[in-house]
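In terms of the numbering used here, the sequence shown opens at residue 111 and continues consecutively.
Here a beta-carbon is modelled for each residue, glycine too, at the ideal position from N, C-alpha and C.
In what follows, a single structure is set out as structure tokens and then discussed.
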Amino acid sequence: MQALLVQLKYELERFRASEKSIESVFIGGGTPSTVAPELYEPLFKMLQKYLSANIEITSEANPNSATKEWLRGMWKLGVNRISFGVQSFNNDKLKILNRAHSPEDAIEAIKSAKEIGFVNLSLDLIYATLGDSKALLKHDIQTAFTLPINHISAYALTIEEGTPFEKKPHMAKETLDITTWIFEEIQKHGFTQYEISNFGTYQSQHNLGYWQYKNYIGLGSGAVGSLDQVRLYPTSNVENYIKNPMDIKSEVLTQEDIKIEKIFLGFRSIVGVHQNILNKEELKRAQLLYTEKKLSHKDDVFYNVDYLLADEITLFISS
Ligand SMILES: C[S@@+](CC[C@H](N)C(=O)[O-])C[C@H]1O[C@@H](n2cnc3c(N)ncnc32)[C@H](O)[C@@H]1O
Numbered sequence: 111m112q113a114l115l116v117q118l119k120y121e122l123e124r125f126r127a128s129e130k131s132i133e134s135v136f137i138g139g140g141t142p143s144t145v146a147p148e149l150y151e152p153l154f155k156m157l158q159k160y161l162s163a164n165i166e167i168t169s170e171a172n173p174n175s176a177t178k179e180w181l182r183g184m185w186k187l188g189v190n191r192i193s194f195g196v197q198s199f200n201n202d203k204l205k206i207l208n209r210a211h212s213p214e215d216a217i218e219a220i221k222s223a224k225e226i227g228f229v230n231l232s233l234d235l236i237y238a239t240l241g242d243s244k245a246l247l248k249h250d251i252q253t254a255f256t257l258p259i260n261h262i263s264a265y266a267l268t269i270e271e272g273t274p275f276e277k278k279p280h281m282a283k284e285t286l287d288i289t290t291w292i293f294e295e296i297q298k299h300g301f302t303q304y305e306i307s308n309f310g311t312y313q314s315q316h317n318l319g320y321w322q323y324k325n326y327i328g329l330g331s332g333a334v335g336s337l338d339q340v341r342l343y344p345t346s347n348v349e350n351y352i353k354n355p356m357d358i359k360s361e362v363l364t365q366e367d368i369k370i371e372k373i374f375l376g377f378r379s380i381v382g383v384h385q386n387i388l389n390k391e392e393l394k395r396a397q398l399l400y401t402e403k404k405l406s407h408k409d410d411v412f413y414n415v416d417y418l419l420a421d422e423i424t425l426f427i428s429s
């Protein structure tokens, strides 16, 4: 936490942050709920004058470590949104995912957060794992909607390098059918899909900021920052980061890199793609997709009508 403070001071200068210029804060990880609220206090003190009014401040949390005390402590610091890593409300599935919490822990943690005052509450669900059935996923979604949440993130299980599942690739079982079905099930409950994995009556300002290609400070070991054309990578080795929080590698993106990223992010979300960033050929291809009703168009911006085709559309337009 002290190393984070050192890096924060450095980044506020690098980004020439002015008073009230920070639009959103997101505490992610790892698992922020394993760190006591008082250890975040110096960071919030240093950030105070840079925070805009009515700012969205989110923290991720795992149900087993998000105690009432932790939630109350984060609330007092100014955190006003919690994203709970629930994953499922099925005990056997939580065991398969090797999660440390029970469905009851998750339900209690979310209800506690509401009692403490949090209005913006989100939960994460993981789907397309071995053992998943529509009945199981339906129960997960129905249980989620009995809770005081206004946002859901739904992720298909991916096999990540360097994780125990790497040796068990069969754990991930995504099919177009199950993904399409889960998107529809969540929307049946009145949550709008505003990005390929995100649904709600509330939209996360922080996530939207990434997709709108805004600059962001990335604090911490393994985090990523973005300042105009430069991507910033603090060392992902925690010990080295503590020794030297300024051990940050930078990558200068080309205009082409940035354009591809804007197209990719724009078609995976409600942000869309402004026609001004497209060259003549790309614009022609976008207009073709528009005539085929695969894209809509409003105020010089192309919008994707089916997020499941986002990657193909990006490849087609930028090829
Ligand atoms: C950045 S992670 C937060 C880390 C969190 N503390 C955890 O335990 O996973 C945010 C969310 O990503 C999702 N996630 C984590 N690992 C995943 C995987 N291998 N495949 C798909 N989603 C994953 C989970 O829903 C998790 O709540």
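Distance cut-off 7 Å: residue 140 Cβ against heavy atoms of ligand 1: yes
Simplified DSSP assignment, three categories, for residue 307: coil
Backbone CA spacing between residue 176 and residue 213 [nearest angstrom]: 14 Å
Cβ separation of residue 383 and residue 412, assumed to be a contact under 8 Å, to the nearest whole Å: 5 Å
Proximity of residue 196 and residue 216 at Cβ, strictly below 8 Å: yes
Contact test: residue 195 Cβ vs ligand 1 heavy atom, cutoff 7 Å: yes
Buried or exposed by the 16-neighbour rule on C-beta atoms within 10 Å, applied to residue 372: buried
Contact under 8 Å by Cβ, residue 386 with residue 409: no
Residue of 407, 205, 135 minimising C-alpha distance to residue 318: 135
Cβ-based neighbour list, residue 150, same chain, cut-off 8 Å, excluding 5 preceding and 5 following: 111, 137, 184, 187
Rounded C-alpha distance that separates residue 168 from residue 260: 13 Å
Same chain, Cβ closer than 8 Å to residue 303, five either side skipped, listed in chain order: 293, 296, 297, 309, 417
CA-to-CA distance, residue 268 to residue 282, given in whole angstroms: 6 Å
C-beta contact flag for residue 262 and residue 240 at 8 Å: no
Cβ-Cβ separation, residue 161 to residue 114 (assumed contact under 8 Å), whole Å: So it is not a contact: roughly 16 Å between Cβ atoms.
C-beta atoms of residue 429 and residue 415 nearer than 8 Å: no
Per-residue DSSP class, three states only, for residue 150: coil
Reference residue 276; option with closest CA among 126, 207, 342, 367: 207
Cβ contact (3+ pairs, closer than 8 Å) linking the stretch 391 to 398 and the stretch 359 to 367: no
Cβ-heavy atom distance, residue 268 to ligand 1, below 7 Å: yes
Burial state of residue 286 (16 or more Cβ within 10 Å): exposed
Residue interval of the alpha helix (DSSP H) (run including residue 332): It is not in any alpha helix (DSSP H) - residue 332 carries neither H nor E in the DSSP assignment.
8 Å Cβ cutoff met for residue 315 and residue 381: no
Beta-bridge pairing of residue 341 - partner residues as DSSP gives them: 336, 361
Residues near residue 307 by beta carbon distance below 7 Å, same chain, minus five either side: 263, 264, 265
heavy atom of ligand 1 below 7 Å from residue 265 C-beta: yes
Spatial neighbours of residue 227 in its chain, beta-carbon cut-off 7 Å, leaving aside the 5 residues before and after: 185
Segments of 4+ residues assigned as alpha helix (DSSP H) that fall wholly inside the stretch 205 to 279: 213 to 226, 244 to 254
Residue 193, enclosing beta strand (DSSP E) - first and last residue: 191 to 197
First through last residue of the alpha helix (DSSP H) which encompasses residue 177: Per DSSP, residue 177 belongs to no alpha helix (DSSP H) and is neither H nor E.
Residue 234: CB within 7 Å of a non-hydrogen atom of ligand 1: yes
Candidates 198, 246, 254, 403: closest to residue 221 by CA position: 254
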